[in-house]
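Worksheet for the structure shown next.
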Amino acid sequence: MQNDILAGLKNYENKLNTIWTKNLLDKGSTDGATEEEESKEFTSLFLDALKNGATSENLNSSKFEKLYDLLAGISISRAKRGFSPRETAQYIILFKEAASSILSEIESDPAKLYTANLELNGIVDNLTIMTFESFMKGREDVIARQTDEISEISTPVIRVWDGVVALPIIGTLDSSRTQIVMENLLQQIVDTESSIAILDISGVPAVDSLVAQHLIKTVSATRLMGAECIISGIRPEIAQTVVHLGIDLTGIITKATLASALQTAFEMLQLTVVKRK
Amino acid sequence: MERIPILKMGDFLLVTIQVDLYDQLAENLESDLINTINKHRSKGVLIDISAVSIIDSFMGRILGNIAVMAKILDAQTVVVGMQPAVAITLVELGLSLNGVISALNVEKGMDLLRAKMYNGGNEDQIDDDNDGQ
Amino acid sequence: MMITTANREEVAIIREQDVVPLRNRVKDYGVKAGMSILNQTKLITATSELVRNLLKYGGGGKVIVEEVSNGREKGVRVTFTDNGPGIADIDLAMKDGYSTGKSLGLGLPGTKRLVNEFDIKTEMGVGTTVTIIKWKNG
Chain H
1 MQNDILAGLK NYENKLNTIW TKNLLDKGST DGATEEEESK EFTSLFLDAL KNGATSENLN
61 SSKFEKLYDL LAGISISRAK RGFSPRETAQ YIILFKEAAS SILSEIESDP AKLYTANLEL
121 NGIVDNLTIM TFESFMKGRE DVIARQTDEI SEISTPVIRV WDGVVALPII GTLDSSRTQI
181 VMENLLQQIV DTESSIAILD ISGVPAVDSL VAQHLIKTVS ATRLMGAECI ISGIRPEIAQ
241 TVVHLGIDLT GIITKATLAS ALQTAFEMLQ LTVVKRK
Chain W
1001 MERIPILKMG DFLLVTIQVD LYDQLAENLE SDLINTINKH RSKGVLIDIS AVSIIDSFMG
1061 RILGNIAVMA KILDAQTVVV GMQPAVAITL VELGLSLNGV ISALNVEKGM DLLRAKMYNG
1121 GNEDQIDDDN DGQ
Chain R
2001 MMITTANREE VAIIREQDVV PLRNRVKDYG VKAGMSILNQ TKLITATSEL VRNLLKYGGG
2061 GKVIVEEVSN GREKGVRVTF TDNGPGIADI DLAMKDGYST GKSLGLGLPG TKRLVNEFDI
2121 KTEMGVGTTV TIIKWKNG
């Protein structure tokens, strides 16, 4: 049922905006002018919705549609601008406080005030949940985009010699990364008709049993294609962990440096590099 | 019944699989190939799977069978041209096709077969692009 | 997570000759969902494994192919239903290296690794239903 007191808030729009903006600035939950227009629009849409019969019983109705769209936009934009979850939640909570304080001024009957506040809570709590969902989505979008960028720039396949390709891996090797590494490496092997691939793991911070498993998979896939795979860049501490964890790398050619891996590749191809007199 | 053609090229047999395999077809290939090896006393078999878009555990097992059976008949088998996506899928599936020797393409496969014939089947041999033996 | 279906078709699997057309249908769905070649290959291989079980142990059955979405990304769901004898011990069947037939014994666990979601329901004497989902970027 529509609450008359809440519907009447429309007459206090400017006041509500002033209190809300002040609260936001006091708490440091806004970056000021950038959001001012959006905040004003939010207040206006919110009060219009209440006036037009939006209640806590029809939260999914079209009466809220514009309001939700605007709020989702604000939350996503806040996520992208680097606001913390607390600041974003406060944005909407402070709005509720501002509205609540005006209600206390315009209604003196405790029972009616209580009902009005309850109704206000019902509506704004739902908005808070929405804010969170949108905020998270905004963050996830940012993360997804960065993940794509990272995997693109971090798996370059280098043709080091005729018939030899090398792929330096920088960063942690998880299962989705391994997929990309494998795809790129195998495709390059096909494209360049290389019979030897060198996987350099100097840039991998740690090798646990899972990472080792990924490396073994990559080697197996390379061999299935008909090429050999050498793993280089094994640091002493990696050799130690591998043995301590009981990982079996005996079927794999491992070398300490990219240079010695290349040397091994030359031997396999029956090539020699000699110094010119 | 549909069959995959087997070409004889001197001491070698060449099989180019151009269609997607199903179980019966793969089983037919296995028996046809083994019979042909025996008939011509072939020394090597080259199976080109570059046009094959999927290999599941059954077809993988057939490839493995062929390699082992051919070996018993004193012939080397080389599988050539496996697609990257197929190789990755086989590894994820847990199939490493033990006993099957691979090469990147028909040319390299031929080189590998020849090298193996002169080397008595040394499996660690990696062929050289520019070898002129 | 809400999964919605956009497109759906049902294929009856009675003989081995039905397998290749089914694989092609599944591939079409994978292409439509925007999958990479690798993910298409994984999906089709998983389908091929499961449809073999359907024929070998279930004596045939039906397969439903669906274009699905979880709101964030598109995918393909394939459901295999047979009216066979059922699987006595699912936990055992899901272990690497187990098989009652003459396959390599890595059917189910290997197949599970190829897809993003894998669900199996079986009842002795009634049949088995396996549902898999492969997401576009999964």
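Residue numbers (this note's numbering), protein chains in the order written: chain H, 1 to 277; chain W, 1001 to 1133; chain R, 2001 to 2138. Using N, Cα and C, we set each Cβ at its ideal position, and we do this for glycine too. As the structure is a prediction and not an experimental result, all values here were calculated from the model.
H:R177 at chain W interface by Cβ criterion, 8 Å: For the purposes of this step, residue 177 of chain H is taken as residue 177 along the first sequence, with counting starting at 1. Closer than 8 Å: no.
For R:E2067 and R:I2120, the rounded distance between their alpha carbons: Counting from one through the third sequence, the residue named residue 2120 of chain R turns up at place 120. Counting from one through the third sequence, the residue named residue 2067 of chain R turns up at place 67. Between R:I2120 and R:E2067, the C-alpha separation is close to 20 Å.
C-beta neighbour in chain H for R:L2055, strict 8 Å: Counting from one through the third sequence, the residue named residue 2055 of chain R turns up at place 55. Interface with chain H (8 Å Cβ-Cβ cutoff): R:L2055 is excluded.
Whether W:G1081 touches W:I1049 by CB criterion (8 Å): As a first step, residue 1081 of chain W must be located in the second sequence, where it is residue number 81. As a first step, residue 1049 of chain W must be located in the second sequence, where it is residue number 49. In this structure, W:G1081 lies near W:I1049, with their beta-carbon atoms less than 8 Å apart.
Terminal residues of the beta strand (DSSP E) in which H:R159 lies: Position 159 of the first sequence, counted from the start, is the residue given in the question as residue 159 of chain H. Segment 158-161, the beta strand (DSSP E) holding H:R159.
Interface residues of the segment 1064-1092 of chain W facing chain R [CB-CB below 7 Å]: Listed in sequence order: A1085, V1086, I1088, T1089, E1092.
Those runs of the alpha helix (DSSP H) which lie wholly inside the segment 193-246 of chain H and span at least 4 residues: 209-225, 236-244, all fully within the segment 193-246 of chain H.
Residue interval of the beta strand (DSSP E) (run including H:A166): Numbered from its first residue, the first sequence carries residue 166 of chain H at position 166. Per DSSP, H:A166 belongs to the beta strand (DSSP E) from 164-170.
First and last residue of the uninterrupted alpha helix (DSSP H) at R:I2044: Taking the third sequence and counting its residues from 1, one reaches residue 2044 of chain R at position 44. In the DSSP annotation of this structure, the continuous segment of the alpha helix (DSSP H) that includes R:I2044 starts and ends at 2037-2056.
Alpha helix (DSSP H) segment containing W:G1060, residue limits: Residue 1060 of chain W sits at position 60 when you count from the first residue of the second sequence. From DSSP, the alpha helix (DSSP H) with W:G1060 extends over 1057-1072.
CB contact check: R:L2106 to chain W, cutoff 8 Å: Working through the third sequence from its first residue, we reach residue 2106 of chain R at position 106. Note that R:L2106 scores 47 on pLDDT, short of 50, meaning its location in the model is unreliable; the coordinates nonetheless yield the value given after this. True, the Cβ-Cβ gap to chain W drops below 8 Å.
Classification of H:T254 by the beta-carbon crowding that lies within 10 angstroms, buried from 16 upward: Taking the first sequence and counting its residues from 1, the one referred to as residue 254 of chain H is at position 254. By the 10 Å Cβ count, H:T254 comes out buried.
Contact list for the segment 2028-2054 of chain R against chain H, Cβ threshold 7 Å: Of all residues in the segment 2028-2054 of chain R, those with a C-beta nearer than 7 Å to a C-beta of chain H are L2038, reading in chain order.
Distance, R:V2065 Cα to R:V2026 Cα: Position 26 of the third sequence holds residue 2026 of chain R. Position 65 of the third sequence holds residue 2065 of chain R. So the two alpha carbons sit approximately 7 Å from each other.
Collapsed DSSP secondary structure at W:M1009 in the structure displayed: Counted from its first residue, the second sequence places residue 1009 of chain W at position 9. Residue state, collapsed to three classes: strand.
Span separating the alpha-carbon of R:L2106 from that of H:K96: As a first step, residue 2106 of chain R is located in the third sequence; it is residue number 106 there, counting from the start. As a first step, residue 96 of chain H is located in the first sequence; it is residue number 96 there, counting from the start. At R:L2106, the pLDDT of 47 sits below 50, so the modelled position is not reliable and the matter cannot be decided from this model.
Listed by chain order, chain H residues near W:A1029 by CB distance under 8 Å: The sequence position of residue 1029 of chain W within the second sequence is 29, counting from 1. According to the sequence as given, residue 1029 of chain W is Leu; it is not Ala. Here the premise fails: no neighbours, minimum Cβ distance about 19 Å.
Local conformation of H:V274 per DSSP, three classes: Against the first sequence, residue 274 of chain H aligns to sequence position 274. Shown here, H:V274 sits in coil according to DSSP, grouped into three states, outside any helix or strand.
R:E2009 in three-state terms, based on DSSP: If you number the third sequence from 1, residue 2009 of chain R lands on position 9. R:E2009: strand per DSSP, three-state reduction.
Residues sharing a beta bridge with R:E2066, DSSP: If you number the third sequence from 1, residue 2066 of chain R lands on position 66. R:R2008, R:R2077, per the DSSP bridge assignment.
Contact list for the segment 103-135 of chain H against chain R, Cβ threshold 7 Å: Cβ contacts with chain R: none found.
6 Å Cβ shell around H:E38 - same chain, five flanking residues per side excluded: Along the first sequence, read from residue 1 onward, the residue named residue 38 of chain H stands at position 38. So the list reads I74, once near-sequence residues are dropped.
Element boundaries [alpha helix (DSSP H), containing W:S1102]: Locating residue 1102 of chain W in the second sequence gives position 102, where the first residue counts as 1. From DSSP, W:S1102 is part of no alpha helix (DSSP H) but of the beta strand (DSSP E) over 1101-1103.
7 Å Cβ cut-off: residues of chain W touching R:A2020: Position 20 of the third sequence, counting from 1, holds the residue named residue 2020 of chain R. Per the sequence shown, the amino acid found at residue 2020 of chain R is Val instead of Ala. Correct list: D1020, Y1022.
Coil, strand or helix - R:L2106 by DSSP: Counting from 1 along the third sequence, the entry for residue 2106 of chain R is found at position 106. Low confidence applies to R:L2106: its pLDDT is 47, below 50, so where it sits in the model is not reliable, and the reading given next is rough at best. R:L2106 falls in the coil class under three-state DSSP.
Chain W residues whose Cβ lies nearer than 7 Å to that of R:E2016: In the third sequence, residue 2016 of chain R corresponds to position 16, counting from 1. In chain order: Y1022, D1023, Q1024.
Option in R:R2113, R:V2126, R:E2123 with minimal Cα separation from H:S176: Along the first sequence, one-based indexing puts residue 176 of chain H at 176. Put simply, of R:R2113, R:V2126, R:E2123 the residue whose alpha carbon is nearest the alpha carbon of H:S176 is R:R2113.
Proximal residues, the segment 2061-2090 of chain R versus chain W, C-beta separation under 9 Å: Of all residues in the segment 2061-2090 of chain R, none comes within less than 9 Å of chain W when Cβ atoms are compared.
Residues that DSSP places opposite R:F2118 in a beta bridge: Indexing the third sequence from 1 puts residue 2118 of chain R at position 118. Beta-bridge pairing links R:F2118 to R:I2132.
Identified DSSP bridge partners for W:T1016: Translated into positions along the second sequence, residue 1016 of chain W becomes position 16. According to DSSP, which records beta bridges pairwise, W:T1016 is partnered with W:D1048.
CB contact check: H:E149 to chain R, cutoff 8 Å: As a first step, residue 149 of chain H must be located in the first sequence, where it is residue number 149. Look at H:E149: its C-beta is not under 8 Å from any C-beta on chain R.
Contact belief for W:I1017 with W:A1067 at Cβ below 8 Å, rounded distance in angstroms: The residue given as residue 1017 of chain W occupies position 17 in the second sequence. The residue given as residue 1067 of chain W occupies position 67 in the second sequence. The Cβ separation is near 15 Å, so there is no contact.
Integer-rounded CB distance, given that R:S2048 should sit under 8 Å from W:I1054: Numbered from 1 along the second sequence, position 54 holds the residue referred to as residue 1054 of chain W. Numbered from 1 along the third sequence, position 48 holds the residue referred to as residue 2048 of chain R. Contact between W:I1054 and R:S2048 holds: their C-beta atoms lie close to 6 Å from each other, under 8 Å.
Where H:T250 falls, given that 16 or more other Cβ within 10 Å makes a residue buried: To locate residue 250 of chain H, count along the first sequence from 1; it is residue 250. It is exposed - the Cβ of H:T250 has fewer than 16 other Cβ atoms within 10 Å.
Beta-bridge pairing of W:V1078 - partner residues as DSSP gives them: As a first step, residue 1078 of chain W must be located in the second sequence, where it is residue number 78. As computed with DSSP, W:V1078 is found in a beta bridge with W:L1046, W:I1101.
Span separating the alpha-carbon of H:S29 from that of H:I169: Here residue 29 of chain H refers to the residue found at position 29 when the first sequence is read from its first residue. Here residue 169 of chain H refers to the residue found at position 169 when the first sequence is read from its first residue. Rounded to whole angstroms, H:S29 to H:I169 spans 41 Å at the Cα level.
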